[in-house]
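Numbering (UniProt numbering), first residue to last: 1 to 139.
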């Protein structure tokens with residue numbers, strides 16, 4: 001992975017066989033990012049995404065292997081209990097044009113991933129919300 005910072009914007013290239021969430025964390029910690037938005041595209045060959053069942057307050061994971069193009073990767077970097085926290089969603093399409101997605105648990109790059117991290121001046125922490133069963137923004 002390589003990246004370059006331009007004021008409050010980071011342009012990153014995540015390379016073949018690297019895991020996206022690990023690389024985002026590396027950048028965020030190195031650059032001391034407390035709040036940012038993320039968008040990316042690229043190619044992956046091994047990913048796991050989750051779907052949250054509200055009535056059960058539980059995530060269910062789906063894993064995929066093969067040739068996939070990232071149709072959309074979007075989310076946030078912020079903090080929970082003043083520690084690094086990242087929340088990303090991924091949609092990826094296969095050779096037939098079928099798209100699968102959800103809450104990103106893992107994604108391994110097969111060719112490259114081009115990412116833009118837009119740093120926001122500020123800080124928004126998270127807190128666990130008992131009613132919905134998720135970590136939500138705390139203002």
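All residues carry an ideal CB built from backbone N, CA and C; glycine is no exception.
- Shown here for residue 124: same chain residues with a beta carbon closer than 6 angstroms to its own, the five before and five after excluded, namely 35, 78, 137 in chain order.
- Under the DSSP assignment, residue 23 falls outside any beta strand (DSSP E), being part of the alpha helix (DSSP H) whose first and last residues are 20-30.
- Annotation for residue 115: the continuous beta strand (DSSP E) segment containing it runs 99-119.
- In this structure residue 60 is in contact with residue 50, their Cβ atoms being roughly 6 angstroms apart against a cut-off of 8 angstroms.
- A buried status is given to residue 24, since no fewer than 16 other beta-carbon atoms sit within 10 Å of its beta-carbon.
- Going by C-alpha positions, residue 18 is about 6 angstroms away from residue 109.
- In this chain, residue 133 is not harboured by any beta strand (DSSP E), its DSSP state being neither H nor E.
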